Ligand code: APR
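Residue numbers (our numbering): 152 to 366.
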């Protein structure tokens with residue numbers, strides 16, 4: 152059974168508030184409860200949201216970059232790249248659809264899971280499976296480390312060009328499938344979405360998913 156809670160920008164009612172009070176403008180958020188576990192959406196900067204683990208949208212060479220990867224390295228500090236250098240030397244990088252773990256440096260988390268999403272071509276190059284696999288890999292790393300709360304950015308929908316309305320349901324389905332497994336330790340997954348357009352795409356996908364499950 153699902154419980155859908157949402158607080159819209161500018162909403163007068165406080166009854167749906169589910170995040171700790173934070174005095175910043177623009178926050179959009181939504182939460183779906185799934186039998187004691189939860190999927191949350193927030194519009195925010197992922198480097199500012201406290202979690203046990205933060206997922207990053209990295210590249211195969213694990214060399215850092217712009218977008219959310221750049222922000223995570225900037226805030227996390229040089230220890231992240233130092234750890235990635237060791238992983239790169241040992242494993243040669245990280246294949247598309249997979250993820251590697253480092254500690255989180257100065258970020259408000261214990262771990263960062265550096266996931267490599269697919270570059271979107273035409274939708275016929277196994278992109279959907281590779282994208283889902285990114286999320287599943289991070290969730291597997293989370294389980295191995297007894298992580299309860301993990302945040303994700305919208306992997307591949309920036310410079311890698313994955314259309315948002317295609318990527319959002321894939322991301323949500325991968326997370327939903329994981330949370331429905333009873334034996335897992337991950338309890339809460341938060342998509343931290345940088346801009347309103349991205350937030351709205353995930354909101355639409357989560358509402359559609361919730362309604363489909365209710366039917
Ligand atoms: N917090 C949350 N989300 C963010 C942040 C942030 N601080 N900064 C950017 N984003 C969002 C973008 O707006 C986009 O919705 O993350 C999403 C993913 O965009 P990219 O960072 O461009 O990631 P991706 O499309 O997966 O491309 C990965 O970009 O930076 C390089 O090294 C990275 O080569 C890799 C490629």
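Each residue gets a CB set at the ideal place from its N, CA and C atoms; glycine is no exception.
Quick caveat: nothing in here was measured; it's all calculated off a predicted structure.
Helix, strand or coil for residue 212, going by three-state DSSP, please let me know.
Here residue 212 sits in coil by DSSP.
Considering only the alpha carbon of each residue, which of 317, 214, 223 lies closest to residue 343?
With distances taken between Cα atoms, residue 343 lies closest to 223.
Quick check: does the Cβ of residue 340 come within less than 8 angstroms of any heavy atom belonging to ligand 1?
It does not: the Cβ of residue 340 is nowhere closer than 8 angstroms to a heavy atom of ligand 1.
Could you tell me if residue 192 is buried or exposed, where buried requires 16 or more neighbouring beta carbons within 10 angstroms of its beta carbon?
Buried, since its Cβ has 16 or more Cβ neighbours within 10 Å.
Could you check the C-alpha separation between residue 194 and residue 353 for me, to the nearest Å?
Roughly 10 angstroms between the two C-alpha positions.
Keeping to the same chain, check which residues put their C-beta closer than 7 angstroms to that of residue 161; ignore five residues upstream and five downstream.
Residue placement at residue 161 is flagged as unreliable, the pLDDT there being 37, under the threshold of 50; the coordinate-derived value follows with that caveat. The answer is none, since no qualifying residue turns up.
Whose C-beta lies closer than 6 angstroms to the C-beta of residue 309 among residues of the same chain, with five residues either side of it excluded?
Contacts found: 218.
Please report the distance separating the alpha-carbon of residue 174 from that of residue 203.
The predicted model places residue 174 with a pLDDT of 47, which falls under 50 and marks its position as unreliable, so this point remains unresolved.
Could you name the residues that DSSP lists as bridge partners for residue 300?
Its beta-bridge partners are 339.
Report buried or exposed for residue 364, applying the criterion of at least 16 other Cβ atoms within 10 angstroms of its Cβ.
Label assigned to residue 364: exposed.
For residue 356 and residue 319, which I take to be in contact (beta-carbon distance under 8 angstroms), what is that distance rounded to the nearest angstrom?
With 8 angstroms as the limit, residue 356 and residue 319 qualify as a contact, their Cβ atoms being about 4 angstroms apart.
Report the three-state DSSP secondary structure of residue 247 (helix, strand or coil).
Residue 247 falls in the coil class under three-state DSSP.
Note down the Cα distance separating residue 236 from residue 274, rounded to an integer number of angstroms.
Cα-Cα distance, rounded: 32 angstroms.
For the alpha helix (DSSP H) holding residue 272, just list the boundary residues, first then last.
Segment: none, residue 272 is in no alpha helix (DSSP H) and carries neither H nor E.
Between which residues of its own chain and residue 239 is the CB-CB distance below 6 angstroms, once the five residues before and five after are set aside?
Same-chain partners within the cutoff: 213.
Check each candidate in 287, 233, 247, 234 and name the one with the smallest Cα separation from residue 332.
When each option's Cα is compared against that of residue 332, the closest is 287.
Does the distance from the C-beta atom of residue 206 to that of residue 269 stay below 9 angstroms?
Cβ atoms of residue 206 and residue 269: not closer than 9 angstroms.
Helix, strand or coil for residue 322, going by three-state DSSP, please let me know.
Helix.
Quick one: what's got a C-beta closer than 8 angstroms to residue 314's C-beta in the same chain, skipping five residues either side?
Contacts found: 271, 308.
Examine ligand 1 and report whether any of its heavy atoms sits within less than 8 angstroms of the Cβ of residue 343.
Because some heavy atom of ligand 1 lies under 8 angstroms away, the Cβ of residue 343 counts as near it: yes.
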